[in-house]
Amino acid sequence: MQLSAVISTYNSTEWLEKVFWGYLRQRFTDFEVLIADDGSTPETADLIHDIQKIAYFPIRHIWQDHGFQKYKILNKAIIATSSEYLVFSDGDCIPRVDFLQEHYTNRKPHHFLSAGLVRLSITLSKHINPGHIVQGTAFDRKWLVANGLKEAVFKNLKLTNNKRLGAVL
9 MQLSAVISTY NSTEWLEKVF WGYLRQRFTD FEVLIADDGS TPETADLIHD IQKIAYFPIR
69 HIWQDHGFQK YKILNKAIIA TSSEYLVFSD GDCIPRVDFL QEHYTNRKPH HFLSAGLVRL
129 SITLSKHINP GHIVQGTAFD RKWLVANGLK EAVFKNLKLT NNKRLGAVL
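For the sequence shown, this note's numbering gives the first residue as 9, with consecutive numbering after it.
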């Protein structure tokens, strides 16, 4: 494995499923996903098992039940990774198709990369379905604005495909 994606979650299968659809369409394909689960109910394990059946990449479920101790479960997931390059994300952040490729392409020894996000309203978040993710419309600024994203927010510029502008944001 060239890269390990570590995703933290707790009882959020509705969002985690959308996150998985984002990883299922990544351009970069030499990766594994580790779900750092801070004590979710069995529904999370069931979702992970279902996605494992269709995923082209390995998925491992790292689980603990010690109350809210996110950093302990992240440390357990780090120990379980099989690559030297790690990308961390939350279980409600849907990755764009180039998310892992950009991280891998721009990696440097002894450095870390930070990615941005665009916060969506709960209504817009619930509206996004696997089709929107697979087709890429869930990452299109015009589609998001047409479906309720406030257009005047500076952070929304992160939705650009312009490499120069994206590098500044």
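The beta carbon of each residue, even a glycine, is placed where N, CA and C say it ideally should be.
Cutting at 7 Å between CB atoms, please list the residues of its own chain near residue i, excluding the five before and the five after it.
i	result
H69	I43, D45, A53, I56
G156	S129, T131, L132
H135	N155
E159	V153
K26	I102, I136, I141
D106	R35
T145	W151
L125	C101
K78	S16, D46
A63	L32
Is residue i helix, strand or coil when you go by DSSP?
i	result
V126	coil
I141	helix
S133	helix
L11	strand
I102	coil
H57	helix
Hey, would you say the C-beta of residue i is under 7 Å away from at least one heavy atom of the ligand ATP?
i	result
V14	Annotation note on the ligand ATP: not contained in the displayed structure, which lists no ligands.
Hey, out of the options, whose CA is closest to residue i's CA?
i	options	result
W182	S90, D58, H118, T113	Because residue 182 is not part of the residues shown, which for the chain are 9 to 177, the question remains open.
I67	N114, L32, H74	L32
H119	V95, W23, L125	V95
N19	N83, T89, L121, W71	W71
What residue does the alpha helix (DSSP H) around residue i start on, and which one ends it?
i	result
F107	107–113
Y64	Element bounds for Y64: n/a, residue is neither H nor E.
K78	78–88
A154	149–154
Using a Cβ-Cβ distance under 8 Å, would residue i count as near chain B?
i	result
D73	Of the protein chains in the structure, only one exists, and it is not chain B.
Could you pull the start and end residues of the beta strand (DSSP E) that residue i belongs to?
i	result
R68	67–71
L121	Per DSSP, L121 belongs to no beta strand (DSSP E) and is neither H nor E.
L94	94–98
Spatial neighbours of residue i within its chain, please: CB distance less than 8 Å, with the 5 preceding and 5 following residues excluded, ordered by chain position.
i	result
Q109	Q34, R35, F36
Quick one: what's got a C-beta closer than 6 Å to residue i's C-beta in the same chain, skipping five residues either side?
i	result
S97	I15
(request) Run through the segment 14–50 for me and flag every whole beta strand (DSSP E) of 3 or more residues, listed as ranges in chain order. (result) Within the segment 14–50, the beta strand (DSSP E) runs of at least 3 residues that lie entirely inside it are, in chain order, 39–45.
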